[in-house]
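Q: I'd like to ask you about the structure that follows.
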Amino acid sequence: MNSNLPDDWSPADNPYSIALSESSWLRATVALTVARMHGDDVQVGWFSSRQIDARTLVVALRQLLAAVKLERIALTDLGMDPAVITAFDDAEQVFLDALPNIKHVRDGLTHFEDWARGRGGGPQKDARKTADPRDVARDFWSFGYDPLTDTVTMGSFTLSVSAAVPAANALCDAIYAATRAVDQRSTAELRDQVVQALTDATIPCTPPQDPVLVSQGHDMRVWLSFNLSSVPGGEHKELAERVATVMAHAGLRLTSSAFPEAQDIADRLLAGEPLRVERNGP
Numbered sequence: 000m001n002s003n004l005p006d007d008w009s010p011a012d013n014p015y016s017i018a019l020s021e022s023s024w025l026r027a028t029v030a031l032t033v034a035r036m037h038g039d040d041v042q043v044g045w046f047s048s049r050q051i052d053a054r055t056l057v058v059a060l061r062q063l064l065a066a067v068k069l070e071r072i073a074l075t076d077l078g079m080d081p082a083v084i085t086a087f088d089d090a091e092q093v094f095l096d097a098l099p100n101i102k103h104v105r106d107g108l109t110h111f112e113d114w115a116r117g118r119g120g121g122p123q124k125d126a127r128k129t130a131d132p133r134d135v136a137r138d139f140w141s142f143g144y145d146p147l148t149d150t151v152t153m154g155s156f157t158l159s160v161s162a163a164v165p166a167a168n169a170l171c172d173a174i175y176a177a178t179r180a181v182d183q184r185s186t187a188e189l190r191d192q193v194v195q196a197l198t199d200a201t202i203p204c205t206p207p208q209d210p211v212l213v214s215q216g217h218d219m220r221v222w223l224s225f226n227l228s229s230v231p232g233g234e235h236k237e238l239a240e241r242v243a244t245v246m247a248h249a250g251l252r253l254t255s256s257a258f259p260e261a262q263d264i265a266d267r268l269l270a271g272e273p274l275r276v277e278r279n280g281p
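0 is the number of the first residue of the sequence shown in numbering that gives the first Met the number 0; add one for each residue after it.
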């Protein structure tokens with residue numbers, strides 16, 4: 000865990016970011032395991048390194064769908080534009096079309112205690128309607144990677160290893176796009192809040208002529224700075240102090256990116272430094 004996180008931080012505050020973070024780890028895991036499977040085979044004890052990596056690959060691919068689930072929950076809870084959610088759903092379907100058996104292959108691998116007895120869910124449950132569990136277990140067994148066909152199998156289910164990396168990359172790109180859409184909306188809402196607070200306090204902030212400039216950066220942050228040329232010299236300090244007070248009353252804080260702990264906010268505005276606007280913690 001990052002020791003620099005504040006004491007009141009929780010992953011529950013931004014689950015969409017957690018989905019992005021986890022998907023990035025899984026994306027790298029998929030790329031690494033596929034590269035090793037396509038490389039030289041190494042004997043690890045009694046086992047082939049390719050067979051070991053095949054197991055890791057299957058779990059990583061399936062876990063990407065868990066990241067999708069978390070992202071979708073977050074998008075829905077945040078009331079995101081339906082178009083964002085639809086695009087996200089479409090990306091998931093493309094992933095499933097490329098790797099149609101990923102759920103069954105993973106389930107057979109990670110629930111071997113049930114599948115080995117023919118007592119698994121999904122396809123094994125359906126098969127038990129007309130067959131003995133012992134026969135069901137046999138029909139859905141035998142996990143392995145075949146380097147000649149570049150496929151992973153679990154019983155009758157097959158997974159293309161060559162399809163894994165492009166499918167994972169496309170799905171992770173979709174998670175990133177959805178996360179960025181959330182950040183863009185949040186940034187726009189914060190900028191509107193800043194402008195409204197300044198307007199209510201009769202502090203001019205209309206670009207480019209007014210003394211206070213509020214901008215939405217490509218870094219998904221809101222920045223506040225001064226256009227001192229439009230303010231009489233004797234009013235600079237008073238304006239800076241008013242802005243700092245208005246932001247505080249609005250539940251916002253101004254932060255220096257160069258010196259995050261700095262308290263001389265008014266002086267930094269007067270020096271021409273753009274300051275980052277952030278909401279105070281919950």
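Quick reminder that beta carbons are idealized off the backbone N, C-alpha and C, glycines included.
Report the CB separation of VAL104 from VAL67 in whole angstroms; it is logged as a contact under 8 Å.
A: Not confirmed; about 17 Å, so no contact.
Q: Can you look up ASP40 in the DSSP assignment and give me helix, strand or coil?
A: If DSSP states are grouped into helix, strand and coil, ASP40 belongs with coil.
Q: Let me make sure I understand the geometry here. Which of VAL41, ALA162, LEU268 and ARG184 has the alpha-carbon closest to that of SER224?
A: Of the listed residues, the one whose Cα sits closest to SER224 is LEU268.
Q: Express the C-alpha separation of ALA249 and ALA270 in angstroms, rounding to a whole number.
A: Straight-line Cα distance between these residues: approximately 23 Å.
Q: Where do the ends of the beta strand (DSSP E) carrying SER214 lie?
A: Note, SER214: beta strand (DSSP E), 211-215.
Q: Look up THR109 in the DSSP assignment and say whether it is helix, strand or coil.
A: In the structure shown, THR109 sits in a helix (DSSP, three-state: H, G or I).
Q: With 16 other CB atoms within 10 Å as the buried threshold, where does ASN168 fall?
A: Result: exposed.
Q: Do GLY280 and ASP7 have their C-beta atoms within less than 7 Å of each other?
A: Yes.
Q: Can the beta-carbon of ARG275 be found less than 7 Å from the beta-carbon of SER256?
A: Taking 7 Å as the Cβ cut-off, ARG275 and SER256 qualify as a contacting pair.
Q: Taking contact to mean 3 or more Cβ pairs, one atom from each stretch, closer than 8 Å, check whether the region 24-34 and the region 44-62 are in contact.
A: The answer is yes - the region 44-62 touches the region 24-34, with three or more Cβ pairs under 8 Å.
Q: Between the beta-carbon of TRP114 and the beta-carbon of PHE87, is there less than 7 Å?
A: Cβ atoms of TRP114 and PHE87: not closer than 7 Å.
Q: Any idea what DSSP makes of ARG118, helix, strand or coil?
A: Residue state, collapsed to three classes: coil.
Q: Helix, strand or coil: which one does DSSP assign to THR75?
A: The answer is helix: DSSP assigns THR75 an H, G or I state.
Q: Could you tell me the alpha carbon to alpha carbon distance between PRO122 and ASP96, rounded to whole angstroms?
A: Spanning the two alpha carbons is a distance of roughly 18 Å.
Q: Report yes if the CB atom of ALA136 is closer than 7 Å to the CB atom of GLY154, and no otherwise.
A: Taking 7 Å as the Cβ cut-off, ALA136 and GLY154 do not qualify as a contacting pair.
Q: For the beta strand (DSSP E) holding ASP145, just list the boundary residues, first then last.
A: Unbroken beta strand (DSSP E) run through ASP145: 142-145.
Q: Check whether the region 148-167 and the region 181-190 are in contact - that is, three or more C-beta pairs closer than 8 Å.
A: Output reads no: the region 181-190 does not touch the region 148-167.
Q: Nearest CA to the CA of ALA65: which residue from CYS171, ASP145 and LYS124?
A: If we check each option's Cα against that of ALA65, CYS171 comes out closest.
Q: Pull up the CB-CB distance for SER229 and ASP209, whole angstroms please, since I reckon it's below 8 Å.
A: SER229 to ASP209, Cβ: 6 Å. Contact.
Q: Following the continuous beta strand (DSSP E) through VAL135, name the residue where it begins and the one where it ends.
A: Note, VAL135: premise wrong, no beta strand (DSSP E); alpha helix (DSSP H) at 132-138.
Q: Does GLY271 come out as helix, strand or coil in the three-state DSSP assignment?
A: Coil at GLY271, not helix or strand.
Q: Restricting to Cα atoms, I'd like to know which of ASP149, ILE84 and MET36 is closest to ALA177.
A: Of the listed residues, the one whose Cα sits closest to ALA177 is ILE84.
Q: Taking the beta strand (DSSP E) that PHE225 belongs to, which residues open and close that run?
A: First-last of the beta strand (DSSP E) with PHE225: 221-225.
Q: Quick check: what's the CA-CA separation for GLN262 versus VAL211?
A: If I take the Cα positions, the gap works out to 20 Å.
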